[in-house]
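Written below as structure tokens is the structure these notes are about.
In the numbering used here, the protein residues as written are 411 to 584.
Structure representation (structure tokens):
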């Protein structure tokens, strides 16, 4: 978990409540904390045949900056590509930040927000005592979330969300 401390300076005669990695740009005060502007990440995975050849993609936005990444595997599943998209996007983060991560995969969102604590407590077994599928990817995703504040959002696929649609196109190209 990332601890945030408020900036101790003042702006316009009142306390500044922004948090920053460096000195607060709003008032010049300074405590070490995380960025106050979240990074937006959209992810998607695709697979022909499931299993079959598949691809993953992510769009990262921070202010006016946009970065698109993608890749693929010759023999995989849709769920593996959905996980890989989130993993590869989070790998790009070099310091603790706030992230709004958007996925159209209920598998990824439910896994990371609901099922993961139970899997870990049961040594990577499901409630039915079976091994967790894609455990190595879940473990990697779990490790990559450390230090960040991540808000996981589900978005409906193919519903006109610009970045989700872009990810879908890129994932299907790989």
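The C-beta atom is built at its ideal place from N, Cα and C for all residues, glycine as well.
Among 448, 447, 490, 473, nearest to residue 462 - alpha-carbon criterion: Mapped onto the chain shown, residue 462 falls at position 52. Residue 490 is the option with its Cα nearest to residue 462.
What number of angstroms, rounded off, separates the C-alpha of residue 457 from the C-alpha of residue 474? Your numbering for residue 457 matches position 47 in the chain shown. Your numbering for residue 474 matches position 64 in the chain shown. Distance between the alpha carbons of residue 457 and residue 474 is about 31 Å.
Just to confirm before moving on: does the CB-CB distance between residue 493 and residue 544 stay below 8 Å? Mapped onto the chain shown, residue 493 falls at position 83. Mapped onto the chain shown, residue 544 falls at position 134. Going by C-beta atoms, residue 493 is nearer than 8 Å to residue 544.
Bridge partners of residue 483, per DSSP? Residue mapping note: residue 483 aligns to position 73 of the chain shown, counting from 1. In DSSP, residue 483 forms a bridge with 464.
From the DSSP output, in three-state form, read off residue 561 for me. The count along the chain shown starts at 1 and reaches residue 561 at position 151. Residue 561 sits in a strand when the DSSP states are folded into three classes.
For a quick check, are the C-beta atoms of residue 455 and residue 553 less than 8 Å apart? Taking the chain shown and counting its residues from 1, one reaches residue 455 at position 45. Taking the chain shown and counting its residues from 1, one reaches residue 553 at position 143. For residue 455 and residue 553, no; Cβs fall outside 8 Å.
Let's test the definition: count the other Cβ atoms within 10 Å of the Cβ of residue 519 and tell me whether it reaches 16, buried, or not, exposed. The residue given as residue 519 occupies position 109 in the chain shown. Residue 519 is buried by the Cβ-count criterion.
Through-space distance from residue 564 to residue 573, alpha-carbon basis: What you label residue 573 is simply residue 163 of the chain shown in a count that begins at 1. What you label residue 564 is simply residue 154 of the chain shown in a count that begins at 1. Cα to Cα, residue 573 sits roughly 13 Å from residue 564.
Suppose you measure from the CA of residue 451 to the CA of residue 571; what does that come to, to the nearest Å? Your numbering for residue 451 matches position 41 in the chain shown. Your numbering for residue 571 matches position 161 in the chain shown. Looking at the two C-alpha atoms, the distance is approximately 12 Å.
Using the DSSP secondary-structure output, state which residues sit across from residue 478 in a beta bridge. On the chain shown, residue 478 is found 68 positions in, with the first residue counted as 1. Paired residues: 469.
Range of the contiguous beta strand (DSSP E) that encloses residue 456: By one-based count along the chain shown, residue 456 stands at place 46. Counting along the chain, the beta strand (DSSP E) containing residue 456 begins and ends at 449-457.
Can residue 557 and residue 506 be called in contact, C-beta distance under 8 Å? Taking the first residue of the chain shown as position 1, residue 557 is located at position 147. Taking the first residue of the chain shown as position 1, residue 506 is located at position 96. Going by C-beta atoms, residue 557 is nearer than 8 Å to residue 506.
Residue 537, buried or exposed, once every other Cβ within 10 Å from all chains shown has been counted against 16: Reading the chain shown from its first residue, position 127 is the one you call residue 537. By the 16-neighbour rule on beta-carbons within 10 angstroms, residue 537 is exposed.
Assigned secondary structure, residue 527 (DSSP; H/G/I helix, E/B strand, else coil): Indexing the chain shown from 1 puts residue 527 at position 117. Residue state, collapsed to three classes: helix.
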